[in-house]
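The structure under discussion appears below in the form of structure tokens.
Numbering (the working numbering), first residue to last: 1232 to 1333.
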């Protein structure tokens, strides 16, 4: 998902618009996690960027996207750029080694 979201919509409360943006991001992440993984991978990882526009968007973790949206909204920006891309990855510690037998 690479998208500009407006934060100021006429006739709507600004905080409701911000919550709707966060909800769209959560829905996208849930939808991407349901997709089947390519063979050899164990989980989906997400490469995220958030900023007032695409040129000044900074990389962040998925867990920090909501806080970054709040920061941009409180700064008074009229829109927010969000980029969330799903990338197949490996869980830490999930190698090809067999679990220990007791």
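Yeah, the Cβ is synthetic: ideal placement off N, Cα and C, and Gly gets one too.
Nearest-angstrom Cα distance between residue i and residue j?
i: residue 1237; j: residue 1309; result: 6 angstroms
i: residue 1268; j: residue 1286; result: 31 angstroms
i: residue 1316; j: residue 1270; result: 19 angstroms
i: residue 1324; j: residue 1245; result: 43 angstroms
i: residue 1312; j: residue 1253; result: 12 angstroms
i: residue 1259; j: residue 1242; result: 26 angstroms
i: residue 1289; j: residue 1306; result: 16 angstroms
With H, G and I counted as helix, E and B as strand and the rest as coil, what does DSSP make of residue i?
i: residue 1306; result: coil
i: residue 1290; result: strand
i: residue 1296; result: helix
Along the chain, where does the beta strand (DSSP E) that runs through residue i open and close?
i: residue 1234; result: 1233-1237
Who does residue i pair with in a DSSP beta bridge?
i: residue 1276; result: 1318
i: residue 1282; result: 1312
Output the boundary residues of the alpha helix (DSSP H) element that contains residue i.
i: residue 1250; result: 1245-1265
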